[in-house]
Each structure stands twice: as structure tokens, then as C-alpha cells.
Amino acid sequence: MTWLVPLLVLVPLLGAAAALGLVRHQKTQRAITVAVLAIAVAVAVTLMVLVDRHGTIVVQVGGWQAPYGISLVVDRLSALLLTVSASVLLLVLLFSIGQGLADDDEDAPVTIFYPTYLVLAAGVLNSFIAGDLFNLYVAFEMLLVASYVLITVGGSEQRVRAGTTYIVTSLIASAIFLAAIGLVYGATGTVNIAQISERVAELPEHVQLLLHTMLLIGFGIKAAVFPLAFWLPDSYPTAPAPVTAVFAGLLTKVGIYAIIRLETIIFPRPQLNTVLLVVAILTMVVGVLGAVSQTDVKRLLSFTLISHIGFMVMGVGLGSVAGTAAAVFYTVHHIVVQTTLFLVSGLMERVGGTTSTRSLGGLLKAAPLLAALYLVPAFNLGGIPPFSGFIGKLGLFRAAAEDGSPLAYATIAAGVVTSLLTLYALMRVWDAAFWRPKPAAEAAAPHASTAEPHAHLRAPEPAPLTVSEETGEAYHPGGSVTVTDAPHASRASRPDETAAGGPTPAVGEAPPRTRLPRMLVGVTTVAVLGSVALTVVAGPLYGYATRAAESLESPDRYVQAVLGGDR
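402 is the number of the first residue of the sequence shown in my numbering; add one for each residue after it.
Following this line, the structure appears as C-alpha cells:
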């Protein structure tokens, strides 16, 4: 079944080419994209089962044996992340399609969205199967190009500025990574991960430290660890909800995956474990303090994203099977839950017209189901038992307690504080957006999202409606100018209506009861149920993560699978 492995990259790329050639046939584009990602999910699930039963699957592209050719490697860790990532990519795509159908603009989308989204999918999936550093670099560049297009699509000033910050930071990370690859090749004569693992122990200590540090910095920027996470809160919140959701769920986890490979296969010695634990503490604490200080839901979630990356780094830094297993489990949990929360924030913006907690209010009466959809993943991310967030954190704390060092206990303390402050920040959003009435000033004058202040530019006073001779549609001359919210633009609220489409409520009253589009609610509900399902299958999933960690902590298995022979 080795032929399945290349399909994870080939099918999305071929689908992207087909979708790009059908820019005038948006419905066909959409069907191709859904079909491609459904195939990716099926292939990933099949590989996950096969790898767990029969061991690591290796494909030598073109028949060139390692280390001379390109190796594609799927072990338990790869297969697990492939399955979760492909599922999230498909779910977010369906949310995006539902958004376009709800806004009734499916015939005029940003046609580049679907091909770009498939290139992003190919980059994510390629990252998890890359068996050499240069192929991993190529996957990162695919991600960079696609994500830059997605984060700036729509063309607003704020998105272009955020996209510029994102791409400059990513280019710096790529330059560091490429330089590290050159140094690794100069020192070991190979870029194959398995062969590097064999040869790196022969290098002088200071050379190992240099190579290790450069690779860790490059991956750390991708993963958004402190102090290399400055770019994320200003980049992610400006993008549309589907784009932000997939970025938050997957892109930083590619960096985490690379760090896990680095610390378990390439440099299995505990050379920088102390540094990783210190970085984990700082990432958790600084990130959650940033979250507590935010008044915008998207920015708050971006900071919680940073803080919870610290939990994964903590597990890797412990350098044990228990720590790595907990980090793998928590990575899966975080992909699902963080993606879900960003999808929910998109629905909150749709109902309330903003993501600012200063302007939101009364959503519990306006959209009761939305209140439940927010509360479940919020509890999960905060670590309330019996959800998967609690199980993952408990596994990390137990691994740290088994380590027994003062620094390990410090990570436990930082983790507890981070969990409590995360719950506080998320419940503060609940209180402001759902429980309290809409602020009087905002009820009288609803406006566009503060997360995207340039998305809707309105004149101070609305002009009388004028009927277009060409289209027959009514409009306000000099009124609102809508910038496309990729891949589909949300309809801008008229000055006399709320974002939900109803009449403006009286001052101090809750917005009217809102009927959210069924497809958007359905997809978000599936995401929430998926986050709950992680709790239901926590036992088998944690067992799988433990088996994956055991394989990672024995790099000889990886080396033998890739290079073959008696090693």
C-alpha cells in the first residue's frame, strides 16, 4: 500500500491545477476541492490503520534508494497528524462554502481561493511525510506562498499590512532553516533525516549545538514560541474566519511537528531540553497574559494559541516517552479545539457584526445554539474535566512530576496558571458577548468588526436609497464599500439594520433572535462534536500517541525503516 503515500501530495496539487483551469466554473472548482480533500481524509485514515498494525511505511520516490533519493515516510506520528489535518482542512472548506451560500454570492467568489487552499493542503500534508530536510523546506515554502495569498485576499489595507508582517517573518524563518540545511549538509554530507541521525553524533559538541540551535530557531518561528511569536496576533485576526481557523489549527502545528522530529530523531540527546522547558514556561505565561488583556475575540484566541503551544513544547522538552506522548495527544486536541473556537468566532461576528467584546452583547437570546457551541470548546481549551484538554494537561503534568526536577515542577505551576487564566479570559468573553445586554451605544449604532476596521467604510450619514439603472438594486450613494471577505464576502449591514439582517434593536435591548445559516451551524456543530469525541476516544487515542512516542524515542527504528539493512 506504499502507493497511497504520494497521493497525499499529488492529488491536492493536481486538484489545484484543475481548479485553477476552471476559474469561470466556481461550482466545479468547489466540487473538485471537496472531492480532493475527502480523498485525502480516506487515504490518511487508511495509512493510520496500516502503520499502527504493520509499522512505518517508506516510499523512495523514483526508485532512488535513500539517502540519494527523496524519502516519504509515514510512521504513527505522521499518520495521526495527517488524519487530523486532512479532516480539519475538509471541515473548514465546508464552512467556507456554507458562508458563500449563505451570503448568496457563490457565483462571484475570489476564484483563486480554491486552488490556493489545495496548495496549502498539499504543503501541510507534505510536511508530515517529508523524510529529508530539503523536502520539508519545500513543504514550508508551499505553505508560505499559499498562506500569504489567503491572508491578504480581499485587498484591504489592514490585511495587506498583516500579510506583509507574516511573509517577512516567514521568509526570515525560511532563510534560517535553509542556512541550517546547508550547514547540516556540509557537516554530515546528507539531508536525509535518518542518515543525519546516524552521523550527527560523530560531530564535535559545538557543531552539534550550532546546528541544533539554528534548526530549533527556524522551527520555533513557525511554531510561534516565545519570543518568536510576535507576528501571530497581528496576522491571524485580520483574515476571514475560515482562513484564520485553518491557520490557527494547522500552521503552527507543522512547526511543532518539526520540533518533535528534531528532538527525537535528529538530536535525540537532551542537549537543549532545559532551554525548551524555559521557553515552554515563557510561552505559556506571556501568551496567556496577552490573552487576558484583549478585548477582541480573534486577538484573544490568537494569544491563547500562543500560550498553549507552550504545553506542547513542555512535553517535548521533558525528553521522555510520557512527555512526548502527552505532547502528541495535546497537539491533536489543540488542532481540533482551536479550529472550532475560530469557527465559532466567525459565527459570533456574523450575528453581532463585530468581534469586540466592548460592542457585543445579548447573543444568548439572539442565538442560543451559538452560546452552546462557544461554551463547549471554551471549557475544553480551559482544561475543565473530563474534556480532552484536561486529559492532555494531566498527562503533561504527570510526565513532569516523573521527571522530578525543579524546572519540571515550574512547568507544572506555569501550566496550572495558564489553564486558569485561559478559562478566565474565555469566560469573560462569554459574559460580555452572550450574557450581558448589548451596550446602549452599540445597540443604537451598530458597526463593522473591530477586528477588520477597514472592511466596511461608511459615510457618516447614510444617503437616501438610489436605484441602479443597470442592476435594479437599491444602494446608498457614497455609503458602504464592501471589501471581499475571502472566499465570499459577508453582506455589509445597512445603517438601519443589524449584522444579522433584522431591524436595529432599541437602545439597551438584545439583538433580535437570529436564524443562522444551517450549513454554517451544521459544520460548526460537527467541529464541536469532534472536540467532544476526543474525550470519548481519549483512551485509544492516548494509547496510539504513546506507541508513537515509543517509536520516536527509539530513533534506530526510524533509521532502519528508511535506510534498511541491519542497523
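Built from N, CA and C at the ideal position, the CB exists for glycine as well.
The structure presented is a predicted model; accordingly, all values stated were derived computationally and were not measured.
With respect to the alpha helix (DSSP H) encompassing T682, which residues constitute its N-terminal and C-terminal limits? Residue 682 sits at position 281 when you count from the first residue of the sequence shown. In the sequence on display, residue 682 carries Ile and not Thr. Taken as a continuous stretch (DSSP letters only), the alpha helix (DSSP H) holding I682 covers 674 to 693.
Could you check what DSSP says for A768 in three-state terms: helix, strand or coil? If you number the sequence shown from 1, residue 768 lands on position 367. Coil.
Please find out if some non-hydrogen atom of the ligand FAD comes closer than 8 Å to the beta-carbon of W404. What this structure holds is no ligand at all, so the ligand FAD is not there to describe.
Taking the straight line between their C-alpha atoms, what separation do you get for S721 and M715? Counting from 1 along the sequence shown, the entry for residue 721 is found at position 320. Counting from 1 along the sequence shown, the entry for residue 715 is found at position 314. Each residue's alpha carbon lies about 11 Å from the other.
Candidates W831, G965, F835, F798, of which the one nearest A818 by Cα: Against the sequence shown, residue 818 aligns to sequence position 417. Note on identity: in this sequence residue 818 is Val, with Ala being the wrong assignment. Of W831, G965, F835, F798, the residue nearest in Cα terms is F798.
Taking the alpha-carbon positions, what's the W816 to G783 distance? Walking along the sequence shown from the start, residue 816 turns up at place 415. Walking along the sequence shown from the start, residue 783 turns up at place 382. Here residue 816 is Gly; the residue named in the question, Trp, does not match the sequence. G816 and G783: Cα-Cα distance of roughly 11 Å.
Is the CB-CB distance between K699 and L652 below 9 Å? By 1-based counting over the sequence shown, the position of residue 699 is 298. By 1-based counting over the sequence shown, the position of residue 652 is 251. Against a cut-off of 9 Å, the Cβ pair of L652 and K699 comes out as no contact.
Check the DSSP bridge columns for N1023 and list the partner residues they point to. Since the first residue of the chain shown is 402 and the last is 968, residue 1023 is not available in this structure.
Any chance you could list the alpha helix (DSSP H) runs of at least 4 consecutive residues sitting entirely within the stretch 423 to 458, in chain order? 427 to 455
What do you reckon, are the CB atoms on L490 and V733 nearer than 9 Å? The residue given as residue 490 occupies position 89 in the sequence shown. The residue given as residue 733 occupies position 332 in the sequence shown. Going by C-beta atoms, L490 is not nearer than 9 Å to V733.
Inter-stretch contact (C-beta, 8 Å, three-pair minimum) for the stretch 659 to 667 and the stretch 609 to 626: yes
Could you name each continuous alpha helix (DSSP H) segment of 4 residues or more that falls completely within the stretch 577 to 605, going from the start of the chain to the end? 594 to 600
In DSSP terms, what Q461 is bridged to: Here residue 461 refers to the residue found at position 60 of the sequence shown. In the DSSP output, where bridge partners are listed per residue, Q461 has S472.
Within a Cβ cutoff of 8 Å, which residues of the same chain sit near I597, ignoring the five residues on either side of it in sequence? Sequence index remark: in the sequence shown, residue 597 carries index 196 (1-based). Contacts found: L534, V585, T589, T591, I667.
Just checking, does the stretch 696 to 713 make contact with the stretch 668 to 688 on the three C-beta pairs under 8 Å criterion? yes
How about A540 and V655: do their beta carbons lie closer than 9 Å? Position 139 of the sequence shown, counted from the start, is the residue given in the question as residue 540. Position 254 of the sequence shown, counted from the start, is the residue given in the question as residue 655. Cβ distance < 9 Å, so A540 and V655 count as in contact.
For L531, write down the residues that DSSP places opposite it in a beta bridge. Position 130 of the sequence shown, counting from 1, holds the residue named residue 531. The amino acid at residue 531 is misidentified as Leu; the sequence shows Ala. According to DSSP, A531 bridges with L473.
Three-pair Cβ contact test at 8 Å for the stretch 560 to 567 versus the stretch 430 to 437: no
Who are the near neighbours of A480 in its chain, counting only those whose CB is closer than 6 Å to its CB and skipping five residues on each side? Looking up residue 480 in the sequence shown gives position 79. Once the five neighbours on either side are set aside, the close Cβ partners of A480 are L448, M449, V452.
For I736, the first and last residue of its enclosing alpha helix (DSSP H): The count along the sequence shown starts at 1 and reaches residue 736 at position 335. Run containing I736: 722 to 753, per the alpha helix (DSSP H) assignment.
On a CA-only basis, which of A809, P628, L415, A419 is nearest V680? Give me that one, please. One-based indexing of the sequence shown puts residue 680 at position 279. The residue with the shortest Cα to Cα distance from V680 is P628.
Determine the closest residue to V963 out of T740, A826, L421, S472, with distance taken between C-alpha atoms. Reading the sequence shown from its first residue, position 562 is the one you call residue 963. Ranking the options by Cα distance to V963, first place goes to S472.
E558 versus L610, S636, T517, S820, residue with shortest Cα-Cα distance: In the sequence shown, the residue the question calls residue 558 occupies position 157. The shortest C-alpha separation from E558 is found at S636.
Just the Cα atoms here: how many angstroms apart are V938 and G793? The sequence position of residue 938 within the sequence shown is 537, counting from 1. The sequence position of residue 793 within the sequence shown is 392, counting from 1. Each residue's alpha carbon lies about 13 Å from the other.
Distance, Cα to Cα, D804 vs L677? As a first step, residue 804 is located in the sequence shown; it is residue number 403 there, counting from the start. As a first step, residue 677 is located in the sequence shown; it is residue number 276 there, counting from the start. Each residue's alpha carbon lies about 14 Å from the other.
Taking 9 Å as the cut-off, decide whether the C-beta atoms of I440 and L408 are in contact. Taking the first residue of the sequence shown as position 1, residue 440 is located at position 39. Taking the first residue of the sequence shown as position 1, residue 408 is located at position 7. Yes, these two residues count as a Cβ contact at 9 Å.
Taking Cβ positions, are V960 and E599 nearer each other than 9 Å? Here residue 960 refers to the residue found at position 559 of the sequence shown. Here residue 599 refers to the residue found at position 198 of the sequence shown. The answer is yes: Cβ separation under 9 Å.
Taking 9 Å as the CB-CB cut-off, is P605 touching chain D? Chain labels in this structure do not include chain D; a single protein chain is all it has.
What residues in its chain sit with their C-beta under 6 Å from that of E951, if we drop five residues either side in the sequence? Here the question's residue 951 lines up with position 550 in the sequence shown. Excluding residues within five positions, the ones whose Cβ falls inside 6 Å are V722.
Run through DSSP, which three-state label would S806 get? Indexing the sequence shown from 1 puts residue 806 at position 405. S806 falls in the coil class under three-state DSSP.
Smallest Cα separation from G747: which of I573, R454, V922? Locating residue 747 in the sequence shown gives position 346, where the first residue counts as 1. Measuring from the Cα of G747, the nearest candidate turns out to be V922.
Measure the alpha-carbon distance for V689 versus L827 and round it to whole angstroms. For the purposes of this step, residue 689 is identified with residue 288 of the sequence shown, where counting begins at 1. For the purposes of this step, residue 827 is identified with residue 426 of the sequence shown, where counting begins at 1. Each residue's Cα considered, the two are about 11 Å apart.
Between the CA atoms of Y731 and I813 - distance to the nearest angstrom: Translated into positions along the sequence shown, residue 813 becomes position 412. Translated into positions along the sequence shown, residue 731 becomes position 330. Each residue's alpha carbon lies about 15 Å from the other.
DSSP on S820, reduced to helix/strand/coil? For the purposes of this step, residue 820 is taken as the residue at position 419 of the sequence shown. Correct three-state label for S820: helix.
May I ask you to report which of helix, strand or coil DSSP gives S760? Counting from 1 along the sequence shown, the entry for residue 760 is found at position 359. Here S760 sits in coil by DSSP.
S708 and A692: beta carbons closer than 9 Å? For the purposes of this step, residue 708 is taken as residue 307 along the sequence shown, with counting starting at 1. For the purposes of this step, residue 692 is taken as residue 291 along the sequence shown, with counting starting at 1. Cβ atoms of S708 and A692: closer than 9 Å.
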